[in-house]
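See below for the structure under consideration.
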Amino acid sequence: MVTRGASKLTLEERKKLAESLDDPLNRWYRYPIARSLLHVLGGLPLRPDHITYIHICFGLAAAGLVAHGDRWALIVAFFALEIRDILDCYDGVLARAKNMSSPRGRALDETADAVSFIALTIALAIYGVRHKPEIPIELYGAFAMFGVIVGAYAAHGCDFYKRRVGSALKEGRDVVHEELEAKRAQARASKAGALTNASIWADRWSYVYWDPKYANGDPVGTVLARAHRPGVRLLTRFVGLMSWDNGIFVIHLGLLTGFVLESWALSVAYGLGAIVIGRVIATFALGGTVKGETAPAKSE
């Protein structure tokens, strides 16, 4: 049976593998810029929550520009959304630098991302009604709701695998389970607000769809034991591509180039593909048994 820590890769090799879990855009320029901002702004009396509130404002302002819809407004919206995404990275960088990471902070950040994306989606529907009025408004509304659902599922799936696989590879821990239990403890002690309770609900549903069946019952042990295998390597690379930030970036490019509605449709198609393919890859990479592993004996 797989035991925790039984990996054919060294810790450094596993950490290197875990780097692929970040989406390409964050790896290439957003996190490098965010880390540079820490040297410039890190000494200011700003908490990570403050940065989160600021990037919500950028997201809402960009949505207003998209709804307005003229050419220059769309270009300014592109840059506002890119700044929002960099600040979204920076609040995490600042939280880790100041040792202020918490389940509540994560829940707030996820809520901020959701608010910005929903606002952008509403703005895209308004843009469509104004610029393509021949399409029924009901269709824009239905597609907007469908797009929000697809984006939410893709984002939660990427976050689930990134935290579970990443923490297992780098620390031999399951932070998904640990954070959920910490939130539940707050709820039992009546110290959890609406934000934390909503996050508990979302995390529980993440388990329902995204979690494969581990033959040995140990997610961390399975990830460590299979880290050298092609399936886990493929999963780590695909999780980065699965990030809904990539789907939203397709919309960003549409704002910059003028293909606004086309990019919106393409981003939703991207998210659908990520949801299906990601779940299939995770099942083959982490589910079932492979040579050298034995499932626990069934109880009588």
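Per this note's numbering, residue 1282 is the first one in the sequence shown, and the count goes up by one each step.
Glycine included, C-beta positions come from ideal geometry on N, C-alpha and C.
Rounded to whole angstroms, what is the Cα-Cα separation between residue i and residue j?
i: residue 1577; j: residue 1396; result: Because the pLDDT of residue 1577 is 49, which lies under 50, any placement of that residue in the model is unreliable, and the question is left without a value.
i: residue 1324; j: residue 1419; result: 49 Å
i: residue 1231; j: residue 1536; result: Past the boundaries of the shown model lies residue 1231; the chain is included only from 1282 to 1581, so the question cannot be answered.
i: residue 1290; j: residue 1384; result: 30 Å
i: residue 1436; j: residue 1415; result: 32 Å
i: residue 1283; j: residue 1503; result: The predicted position of residue 1283 is uncertain, since its pLDDT is 42 and thus under 50; a value taken from the coordinates is nonetheless stated next. Rounded to the nearest angstrom, the two C-alpha atoms are 7 Å apart.
i: residue 1423; j: residue 1417; result: 10 Å
i: residue 1464; j: residue 1331; result: 22 Å
i: residue 1493; j: residue 1568; result: 5 Å
i: residue 1460; j: residue 1304; result: 22 Å
i: residue 1525; j: residue 1439; result: 8 Å
i: residue 1356; j: residue 1514; result: 38 Å
i: residue 1243; j: residue 1470; result: Since the first residue shown for the chain is 1282 and the last is 1581, residue 1243 is missing from the structure and cannot be characterised.
i: residue 1511; j: residue 1456; result: 24 Å
i: residue 1370; j: residue 1430; result: 23 Å
i: residue 1483; j: residue 1392; result: 11 Å
i: residue 1523; j: residue 1558; result: 9 Å
i: residue 1475; j: residue 1481; result: 10 Å
i: residue 1540; j: residue 1293; result: 43 Å
i: residue 1285; j: residue 1458; result: Because the pLDDT of residue 1285 is 47, which lies under 50, any placement of that residue in the model is unreliable, and the number read from its coordinates should be weighed accordingly. Their Cα atoms are separated by approximately 16 Å.
i: residue 1462; j: residue 1345; result: 38 Å
i: residue 1372; j: residue 1506; result: 33 Å
i: residue 1310; j: residue 1421; result: 33 Å
i: residue 1518; j: residue 1527; result: 14 Å
If you reduce the DSSP assignment to three classes, tell me which class residue i lands in.
i: residue 1561; result: helix
i: residue 1535; result: helix
i: residue 1324; result: coil
i: residue 1453; result: coil
i: residue 1405; result: helix
i: residue 1290; result: coil
i: residue 1508; result: coil
i: residue 1329; result: helix
i: residue 1472; result: coil
i: residue 1416; result: coil
i: residue 1379; result: coil
i: residue 1438; result: helix
i: residue 1345; result: helix
i: residue 1603; result: The first residue shown for the chain is 1282 and the last is 1581, placing residue 1603 beyond what the model contains.
i: residue 1540; result: coil
i: residue 1548; result: helix
i: residue 1317; result: helix
i: residue 1484; result: helix
i: residue 1524; result: coil
i: residue 1298; result: helix
i: residue 1372; result: helix
i: residue 1350; result: coil
Taking a contact to mean a Cβ-Cβ separation below 9 Å, would you say residue i touches residue j in this structure?
i: residue 1491; j: residue 1405; result: no
i: residue 1450; j: residue 1296; result: yes
i: residue 1427; j: residue 1561; result: no
i: residue 1366; j: residue 1306; result: yes
i: residue 1336; j: residue 1368; result: yes
i: residue 1454; j: residue 1501; result: yes
i: residue 1552; j: residue 1409; result: no
i: residue 1556; j: residue 1434; result: yes
i: residue 1442; j: residue 1563; result: yes
i: residue 1329; j: residue 1388; result: no
i: residue 1315; j: residue 1374; result: yes
i: residue 1496; j: residue 1288; result: no
i: residue 1478; j: residue 1466; result: no
i: residue 1446; j: residue 1547; result: no
i: residue 1340; j: residue 1412; result: no
According to DSSP, which residues form a beta bridge with residue i?
i: residue 1569; result: 1495
At a cut-off of 8 Å, is residue i close to the ligand MG when judged by its beta-carbon and the heavy atoms of the ligand?
i: residue 1389; result: This structure does not include the ligand MG; it has no bound ligands of any sort.
Between the segment 1319–1334 and the segment 1347–1360, are three or more C-beta pairs nearer than 8 Å? Segments in contact, no.
For the segment 1398–1405 and the segment 1470–1489, state whether three or more C-beta atom pairs, one from each stretch, are separated by less than 8 Å. No, the segment 1398–1405 is not in contact with the segment 1470–1489.
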